[in-house]
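Asker: Next up is a structure, given as structure tokens.
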Ligand code: AMP
Ligand code: ZN
Ligand code: FE
Ligand code: FE
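Residue numbers (the working numbering): 1285 to 1592.
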């Protein structure tokens, strides 16, 4: 396939391994159908979807980069509401320290769900883990599955309202969970041969008066290598600011839709709400960095699945 500039890519996609509704194989099929040139599956705190995609033999006409989206805690001087999402790209998915850290985060997720359910039950909402598990199948259950249950059972009219009234930070059914420190997550990704990238900066909600740029500067000193400037929720002004920061701090620019299938039904893979695009150069620049990182880390050793 001619992967010429102008061809669309999507470096932020969730599969059924976390809270997306398409399996990794279905994601690859859809990406090809939509004519995307490169994708990354970036599930919350797991590489299970990435490994499944690799095992199913990757097509030759689509570049697939290993990916993950880790829920991290911001450095102490930068208190936030909720977590700081860190994307990782091009790492070795079999890296043991990375897998061990992700396992701890998956356990924290499993521990949180019953606490959310208990809070909802105290609010007289008759949801149970058994019902959620029956509906979610093999997926790693998260708040989006609970939000869907609340919509389906008429408790709230919409997915967003489920977060606004119950599940969001500060709402009556919110439950916090263990988060890995952001600097530790950056180091884990780099030690696994990958590129750490700050996800959707506009969704970061500072508590207090610190500036987002000062956080970017701090994360750069911790080893951050990229920033997700292209994202459907970013305004054109925000994207421009992030592109400037990328230049200022020497960060690679990435982008993606945060595709979740029917969980976020208005967002299509690659094109978001229709007018969204991530430039193809984001893929080539990221792929070049991945090549460089892997050759520095372990010259010559093959990394499974790093199809770039
Ligand atoms: P979890 O990983 O279980 O904490 O759920 C995180 C996911 O929930 C995010 O990736 C979003 O898809 C969704 N989400 C989180 N906060 C909100 C919100 N305020 N409104 C709508 N969706 C949200
Ligand atoms: Zn999600
Ligand atoms: Fe995110
Ligand atoms: Fe995401």
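Ideal Cβ positions, reconstructed from N, Cα and C, are used throughout, including at glycine.
Which one of 1527, 1363, 1406 and 1430 has the shortest CA to CA distance from residue 1394?
Answerer: Looking at the Cα atoms, 1430 is the closest of the given residues.
Asker: Would the C-beta of residue 1518 count as close to ligand 1, meaning under 6 Å from any of its heavy atoms?
Answerer: For ligand 1, not one heavy atom lies less than 6 Å from the Cβ of residue 1518.
Asker: Give me the Cβ distance between residue 1295 and residue 1488, rounded to the nearest whole Å; I'm assuming they're in contact under 8 Å.
Answerer: Their Cβ separation, rounded to whole angstroms, is 19 Å, which puts residue 1295 and residue 1488 out of contact at 8 Å.
Asker: If you follow the alpha helix (DSSP H) that residue 1470 is part of, which residue opens it and which one closes it?
Answerer: Element bounds for residue 1470: 1466-1475.
Asker: Quick one: does the C-beta of residue 1327 sit closer than 6 Å to a heavy atom of ligand 4?
Answerer: Answer for residue 1327: no, Cβ out of range of ligand 4.
Asker: Just checking, does the region 1530-1543 make contact with the region 1398-1416 on the three C-beta pairs under 8 Å criterion?
Answerer: Not touching, per the Cβ criterion.
Asker: Per DSSP, which one or two residues make a beta bridge with residue 1328?
Answerer: Residue 1328 is bridged to 1353.
Asker: Between residue 1369 and ligand 3, is there a pair consisting of the residue's CB and a ligand heavy atom that are separated by less than 6 Å?
Answerer: Yes - ligand 3 has a heavy atom lying nearer than 6 Å to the Cβ of residue 1369.
Asker: So is the beta-carbon of residue 1542 under 6 Å away from any non-hydrogen atom of ligand 4?
Answerer: Residue 1542 Cβ: within cutoff of ligand 4.
Asker: Which of helix, strand or coil does DSSP assign to residue 1372?
Answerer: It is a strand residue.
Asker: Cβ of residue 1427 versus every heavy atom of ligand 1: is any distance shorter than 6 Å?
Answerer: Yes, the beta carbon of residue 1427 sits closer than 6 Å to at least one heavy atom of ligand 1.
Asker: Give the straight-line distance between the Cα atoms of residue 1561 and residue 1513, rounded to the nearest whole angstrom.
Answerer: Answer to the nearest angstrom: the Cα atoms are 11 Å apart.
Asker: Could you check what DSSP says for residue 1519 in three-state terms: helix, strand or coil?
Answerer: Coil at residue 1519, not helix or strand.
Asker: Evaluate residue 1424 with the Cβ neighbour count: other Cβ atoms within 10 Å of its Cβ, from every protein chain shown; 16 or more gives buried, anything less gives exposed.
Answerer: Answer is buried; the Cβ neighbour count reaches 16.
Asker: At a cut of 8 Å, does the region 1477-1487 reach the region 1448-1463 through at least three beta carbon pairs?
Answerer: As far as the Cβ criterion goes, the region 1477-1487 does not touch the region 1448-1463, which means the pair count is below three.
Asker: Just to confirm, is the Cβ distance from residue 1306 to residue 1545 under 7 Å?
Answerer: Going by C-beta atoms, residue 1306 is nearer than 7 Å to residue 1545.
Asker: Residue 1285 to residue 1337, Cα distance in whole Å?
Answerer: Only weak support is given to the placement of residue 1285: the predicted model assigns it a pLDDT of 42, under 50, and the value that follows is read from those uncertain coordinates. Distance between the alpha carbons of residue 1285 and residue 1337 is about 20 Å.
Asker: Measure the alpha-carbon distance for residue 1579 versus residue 1373 and round it to whole angstroms.
Answerer: In a straight line, the C-alpha of residue 1579 is about 15 Å away from that of residue 1373.
Asker: What do you get for residue 1584, buried or exposed, if any count of 16 or more other CB atoms within 10 angstroms of its CB means buried?
Answerer: The pLDDT assigned to residue 1584 is 47, lower than 50, so where the model puts this residue is not dependable; a value taken from the coordinates is nonetheless given after this. Residue 1584 is exposed by the Cβ-count criterion.
Asker: Would DSSP call residue 1514 helix, strand or coil?
Answerer: Residue state, collapsed to three classes: strand.
Asker: Take residue 1479 as the anchor and find which of 1510, 1461, 1503 and 1467 has the nearest alpha-carbon.
Answerer: Ranking 1510, 1461, 1503 and 1467 by Cα distance to residue 1479 puts 1510 first.
Asker: In the DSSP assignment, find the beta strand (DSSP E) that holds residue 1294 and state where it starts and stops.
Answerer: 1293-1297 is the extent of the beta strand (DSSP E) around residue 1294.
Asker: Assess, as a yes-or-no matter, whether the region 1464-1480 is touched by the region 1356-1364 under the definition of 3 or more beta carbon pairs within less than 8 Å.
Answerer: Short answer: they touch.
Asker: When DSSP labels each residue in this structure, what does residue 1458 get in the three-state scheme?
Answerer: Note: residue 1458 maps to coil in three-state DSSP.
Asker: What whole-angstrom Cβ distance do residue 1577 and residue 1426 have, given they're in contact under 8 Å?
Answerer: 29 Å between Cβ atoms; not a contact.
Asker: Look up residue 1538 in the DSSP assignment and give the residues it is bridged to.
Answerer: Answer is 1512, bridged to residue 1538.
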